[in-house]
Amino acid sequence: METESNIVAETAERIFADLADAQAINADHAGGWKAPLWQALTESGLPLSWVAEDFGGAGASLADGFAVLNAAGRAALPAPLAETMLAGWLLAQAGIASLDGAMTVVPAHPKDRIVLGHDGCLSGGARGVPFGHEAKHIAVLAHGDKGAVVALVDAAACRIDEGTSLGGDALDVVSFDAVVPLQTASAPRGFDQTALMLMGCVVRSLQIAGSLETLLAISVAYANQRVAFEKKIGQFQAVQHNLAKLAGETSAALAAATSAADAICSAASFDDAVFLEAAAAKIRCAEAAEKGAAIAHQVHGAIGFTEEHILHRYSLRALGWRDDFGSESHWAVELGRLVAGRGADDLWPLVASR
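Residue numbers (the working numbering): 10 to 363.
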């Protein structure tokens, strides 16, 4: 299992290194890198990693996919790989086959609600949908009369108001006005919007942790090259202290994200233990993104804020991913409610069991 996971992640890393180099993308304002990158990802089967082979996917394990997402974070990948993987996973929960092309998932925020009416049409709206107008299809988790329903929707059938994320990627508002889905199926028993949000939390946490790993590597390399007052700035105690803090935040984010990923891989359902791990990971990784991005830019000084430098490709995406699938403040409140609901006597056993 570990060897297979390494092979999948290494395949992704080779593609990212060859076709998603941050400096090359930063200089290519025409977007000529997009088609070759997506073609290579598609040919490797990575976008449908979590879709069974019987449904046209790669049939990779959850662990394989999580490793790919962490690698995508290290590359600050400006393509809908994570969103397509998550959409394919959602469709697979209801036994719906994924179609070719980029996909995204709706809703992307806990408080957004899509309803499947008696006429079989979808209604409602979703904010902050990543890569909405670049997706060919949308995987939707809707509320029906008999519970949660998974729907496959042609993106062209929706009204999409285009927007831009903090990192410069598509972040749109998708409206469903009597949209007829291509296919619908009931979600598994016990699967609801909270489960989707928790899965999204872990996806984004792994990406944030990956981006922080690269921020740390870039900052250390720069500190060992930049000379000020006839010394490399990495020799100054204040800079060393900041880099140590950045390393600590990176390690904490990576530990929280991988622990949450392991919890999902090992669990049979999205129970309280998974809730604790996923919510805590999103809270901790969001905090690390805020602190880590500030330190990285402080180390680089003015040059790190320029459009030509690649630092912002990682820092801004890490900061933007904090709000997807629920912000840290949302999950802090929800985590508090979970703990309060279980009672004081259950708090320590729940925490100590992780």
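In this text, a Cβ means the ideal position worked out from N, Cα and C, and glycines have one as well. Quantities reported herein were computed from a predicted structural model and do not represent experimental measurements.
Query, Result
"What's the C-alpha gap between leucine 150 and alanine 106?", "15 Å"
"Pull up the distance between the alpha-carbon of aspartate 201 and that of arginine 83, whole angstroms please.", "30 Å"
"The beta strand (DSSP E) that contains arginine 293, what's its start and end?", "Not the beta strand (DSSP E): arginine 293 falls in the alpha helix (DSSP H), residues 281-309."
"Assuming glycine 134 contacts histidine 118 (C-beta within less than 8 Å), just tell me the rounded distance between them.", "No, glycine 134 and histidine 118 are not in contact; Cβ-Cβ is about 10 Å, not under 8 Å."
"For the region 134-195, list the beta strand (DSSP E) runs that are entirely contained and at least 3 residues long, ordered along the chain.", "146-153, 156-163, 168-170, 180-188, 192-195"
"CB cysteine 294 to CB isoleucine 217, shorter than 8 Å?", "yes"
"Using the rule of at least 16 other Cβ atoms within 10 Å of the residue's Cβ for burial, across every protein chain shown, is isoleucine 147 buried or exposed?", "buried"
"Count the other CB atoms, across all protein chains shown, that sit within 10 Å of the CB of histidine 127; report buried if there are 16 or more and exposed otherwise.", "exposed"
"Starting from the Cα of serine 184, find the closest Cα among Met94, Gly313, Ile34, Ala164 and give me that residue.", "Ala164"
"Counting beta carbon pairs with one atom in the region 308-320 and one in the region 258-271, are three or more of them shorter than 8 Å?", "no"
"Distance, Cα to Cα, cysteine 130 vs alanine 80?", "38 Å"
"With DSSP collapsed to three states, give me the class of leucine 359.", "helix"
"Could you have a look at arginine 122 and say whether DSSP puts it in helix, strand or coil?", "strand"
"Quick check: the region 240-260 against the region 282-291, are at least 3 beta-carbon pairs closer than 8 Å?", "no"
"Whole alpha helix (DSSP H) runs in the region 184-254 with 4 or more residues, listed along the chain?", "202-232"
"Looking at the structure shown, is threonine 20 part of a helix, part of a strand, or coil, going by DSSP?", "helix"
"Figure out for me which residue from Leu255, Gly54, Ala36 has the closest Cα to the Cα of alanine 18.", "Gly54"
"Who does threonine 113 pair with in a DSSP beta bridge?", "Ile147"
"Return the chain-ordered list of same chain residues with a C-beta closer than 8 Å to the C-beta of valine 188, the five sequence neighbours on each side being excluded.", "Cys130, Leu131, Ser132, Val162, Ala166, Cys167"
"Is alanine 103 closer than 8 Å to valine 159 when the C-beta atoms are compared?", "yes"
"Please classify leucine 1 as buried or exposed, where buried requires at least 16 neighbouring CB atoms within 10 angstroms.", "For residue 1 there is no data in the structure shown, the boundaries of the chain being 10 and 363."
"State yes or no: is the C-beta of alanine 305 within less than 8 Å of the C-beta of leucine 320?", "yes"
"Classify leucine 86 as helix, strand or coil using the three-state DSSP reduction.", "coil"
"Pull up the distance between the alpha-carbon of alanine 256 and that of serine 268, whole angstroms please.", "18 Å"
"With glycine 335 as the anchor, note down where its alpha helix (DSSP H) starts and where it stops.", "No alpha helix (DSSP H) holds glycine 335; DSSP gives it neither H nor E."
"Work out the CA separation of leucine 100 and threonine 113 for me, nearest whole Å.", "11 Å"
"Using 10 angstroms around the beta-carbon of glycine 301, count the other beta-carbons present and answer buried if the total reaches 16, otherwise exposed.", "buried"
"Between the C-alpha atoms of proline 89 and phenylalanine 238, what's the straight-line distance to the nearest angstrom?", "44 Å"
"Which residue comes first and which comes last in the alpha helix (DSSP H) that contains threonine 51?", "43-53"
"In chain order, what residues of the same chain have a beta carbon less than 7 Å from the beta carbon of leucine 205, not counting five sequence neighbours either side?", "Leu99, Leu150"
"Do you know how far the Cα of tryptophan 42 is from the Cα of alanine 21?", "16 Å"
"Taking the C-alpha atoms as reference points, what is the distance between methionine 10 and aspartate 271?", "Confidence in methionine 10 is poor, its pLDDT being 38 and thus under 50, which makes the residue's placement too unreliable to answer from."
"Below 8 Å on the Cβ atoms is my guess for leucine 57 versus alanine 67; work out the distance and round it to an integer in Å.", "6 Å"
"Please classify alanine 31 as buried or exposed, where buried requires at least 16 other C-beta atoms within 10 Å of its C-beta.", "buried"
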